[in-house]
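Take a look at the structure set out below.
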Amino acid sequence: MEDEFLSEEDLDLRNLPWEEVVAYWNLWLRQAQATNHLDEPFYSHGVFVRDPAVPLPEGADADDS
Amino acid sequence: MDNPYLELTEVFNRGRLRAVLSSGQAVVVHQLAVMSKDGDWILREESETFRHVLRVLAERGARYRFGAPLDSRWLAGGWSSHLEHRWDGLRLRTDFVSRPPRISPRELEAIWREAEELEIPVVGLDPLAALKKTNREKDYAVIGELARRMPSVRSRLLYSRSARDLMKLADAHPETVRELTAERPLLAVCGRRRDEVETALDAERRALMRANEERLAAYAEASRSWAASWPSVVKEISGSTLTEAHRIVVRRAEGVLPFAPLTGESP
C-alpha cells in the first residue's frame, strides 16, 4: 500500500502525450472560468491576499483567500 | 495546440531568458496536476525584463491589480506584482516575483541556470516543492507527489510527505538521513513507528503553514497604507494604457509601500 496525494485523474496526466496534456489543461482553464466571480478579490500567488478595491463576493469571509 | 501560459512564457522570453514559469502552471508542465487558473513567473531582476514584460502585457490590454509596481526596487524586497487581461474569453492573471520565497540566492541562480537548458523555462522539482510550502493544505499533496518524481534520494528525503516512503528511504540510506537531519529535523524519527513519523509530518506541515502565514502578515502590515490608497489609485489609472498606469502606480507607491519590509528598509 502507498500513501496517496492526488487523484487517479491527476496521476494519469503523466501518461498522456503532451498534446493531450495541453488539451486537458486548456479545457480545465475554460471550465474554471465559472468561478471567476468567487475569487475576484483574492490572490493565489505572491504576498497579497485580497484586493481592497474589489468587494467581497456574497457569502465570502473577509479572511478567505 | 497552444496554451495561454505557455504562449506568454514564450513571448516573455523572446530573444533572451527573462521569465521562468512557476507554481501552479509549472506543476502542469511537470504533468502532475491541473489545479490553478492563474499564471506565476519568476522574473530576472533587471529593468529590461520589467520593460519587456510590461510591453507584452500592454499589447494585450492588461491592467494592474492591487500589488507592488513591476519594478525591481519592490520586487527585490520580496513583493509580488499582479496584472490581469482577457484572452480568448479567459481571465488570465499574471503574477510576478523576482525573489521567490524559501529559495536561497544560490538556489535562485540554479533555477536560472537550469531554465537556460529547457525548451519550456519552468521551475524544477526541488525549488517547486520549496515554493509550495505555503499556508494552503492542498499544496502539501502536490509536494508529496513532486517528491516521488525527484530522482535523487537526497531530494526525496528532504521533501517527501509520505511516512511510508520516508521510512523505506531512511532504512535504505541511513548515512544520507544523518547528513540531512539538521536540515530536516523530522528525519530523526524516521526509524520509529509509522504513527510517530505521521505525527511528525503533521507537525512539520503545520509549522510550515504558520511560517508562511507570518510572512504574509508581515507584508500585509507593510502594505496597509498602500491598500488604503489603492481604491484612489484605481480611479487614477482608470482609462489609462498600462504604460501610463505603470508610471502612476510607481509614483503613488513611492513613499507609501516600503521597498523591503522584511529587512526594515523604509520607503
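Top line first, the protein sequences correspond to chains H and W. So for the first sequence, the working numbering puts the first residue at 1; every next one is plus one. So for the second sequence, the working numbering puts the first residue at 1001; every next one is plus one. Using N, Cα and C, we set each Cβ at its ideal position, and we do this for glycine too.
Residues in the same chain with beta-carbon distance under 7 Å from Leu1090 (chain W), minus the five sequence neighbours each way, listed in chain order, please.
Taking the first residue of the second sequence as 1, we reach residue 1090 (chain W) at position 90. These residues qualify, in order along the chain: Pro1004.
Which value, in whole angstroms, describes the spacing of the CA atoms of Val1122 (chain W) and Ser1036 (chain W)?
For this step, residue 1122 (chain W) is matched to residue 122 along the second sequence. For this step, residue 1036 (chain W) is matched to residue 36 along the second sequence. In a straight line, the C-alpha of Val1122 (chain W) is about 15 Å away from that of Ser1036 (chain W).
Output the residue ranges of the alpha helix (DSSP H) runs that lie fully inside the stretch 1236–1260 of chain W and measure 4 residues or longer, sorted by chain position.
If we require 4 residues or more, the alpha helix (DSSP H) runs fully inside the stretch 1236–1260 of chain W come out as 1242–1253.
Can you grab the Cα-Cα spacing for the pair Leu1169 (chain W) / Val1177 (chain W), in whole Å?
Mapped onto the second sequence, residue 1169 (chain W) falls at position 169. Mapped onto the second sequence, residue 1177 (chain W) falls at position 177. Using only the alpha carbons, I get a separation of about 8 Å.
So the alpha helix (DSSP H) Gly1024 (chain W) belongs to, where does it begin and stop?
Taking the second sequence and counting its residues from 1, the one referred to as residue 1024 (chain W) is at position 24. Element bounds for Gly1024 (chain W): 1023–1029.
Distance check for Val1153 (chain W) and Glu1213 (chain W), CA to CA, integer angstroms please.
Taking the second sequence and counting its residues from 1, the one referred to as residue 1213 (chain W) is at position 213. Taking the second sequence and counting its residues from 1, the one referred to as residue 1153 (chain W) is at position 153. Whole-angstrom Cα-Cα distance: 30 Å.
Does Ser1266 (chain W) pass the burial test, meaning 16 or more other C-beta atoms within 10 Å, or should it be called exposed?
Start at 1 with the first residue of the second sequence, and residue 1266 (chain W) comes out as number 266. Residue placement at Ser1266 (chain W) is poorly supported in this model, since its pLDDT is 45, which falls under 50; the coordinates still yield a value, given next. It counts as exposed.
Are Lys1132 (chain W) and Ile1120 (chain W) closer than 8 Å when you measure CB to CB?
For the purposes of this step, residue 1132 (chain W) is taken as residue 132 along the second sequence, with counting starting at 1. For the purposes of this step, residue 1120 (chain W) is taken as residue 120 along the second sequence, with counting starting at 1. Taking 8 Å as the Cβ cut-off, Lys1132 (chain W) and Ile1120 (chain W) do not qualify as a contacting pair.
Contact criterion: CB-CB distance below 8 Å. Does Gly1024 (chain W) meet it with respect to chain H?
By 1-based counting over the second sequence, the position of residue 1024 (chain W) is 24. Yes, Gly1024 (chain W) counts as interfacial toward chain H.
Which stretch, first to last residue, makes up the beta strand (DSSP E) that contains Ile1042 (chain W)?
Translated into the one-based positions of the second sequence, residue 1042 (chain W) becomes position 42. Taken as a continuous stretch (DSSP letters only), the beta strand (DSSP E) holding Ile1042 (chain W) covers 1039–1043.
Considering Phe1050 (chain W), what are the terminal residues of the beta strand (DSSP E) in which it resides?
Working through the second sequence from its first residue, we reach residue 1050 (chain W) at position 50. That residue, Phe1050 (chain W), is in no beta strand (DSSP E); its alpha helix (DSSP H) goes 1047–1059.
Within 7 Å: the Cβ of Glu1117 (chain W) and any heavy atom of the ligand PLP?
As presented, the structure is devoid of all ligands, the ligand PLP included, so that no description of it is given.
Against chain W, does Pro57 (chain H) count as a neighbour if the rule is that its beta carbon must be under 8 Å from one of theirs?
Here the question's residue 57 (chain H) lines up with position 57 in the first sequence. No, its Cβ sits nowhere closer than 8 Å to a Cβ of chain W.
Residues in the stretch 1056–1075 of chain W with C-beta within 7 Å of chain H's C-beta atoms, listed in sequence order?
Result list: Arg1065, Phe1066, Gly1067.
Can you tell me the Cα-Cα spacing of Ser65 (chain H) and Arg50 (chain H), whole angstroms?
If you number the first sequence from 1, residue 65 (chain H) lands on position 65. If you number the first sequence from 1, residue 50 (chain H) lands on position 50. The predicted position of Ser65 (chain H) is uncertain, since its pLDDT is 41 and thus under 50; no value can be drawn from it.
I'd like to check one pair, Ala1068 (chain W) with Leu1083 (chain W): are the Cβ atoms closer than 8 Å?
In the second sequence, residue 1083 (chain W) corresponds to position 83, counting from 1. In the second sequence, residue 1068 (chain W) corresponds to position 68, counting from 1. Not a contact, by the Cβ cut-off of 8 Å.
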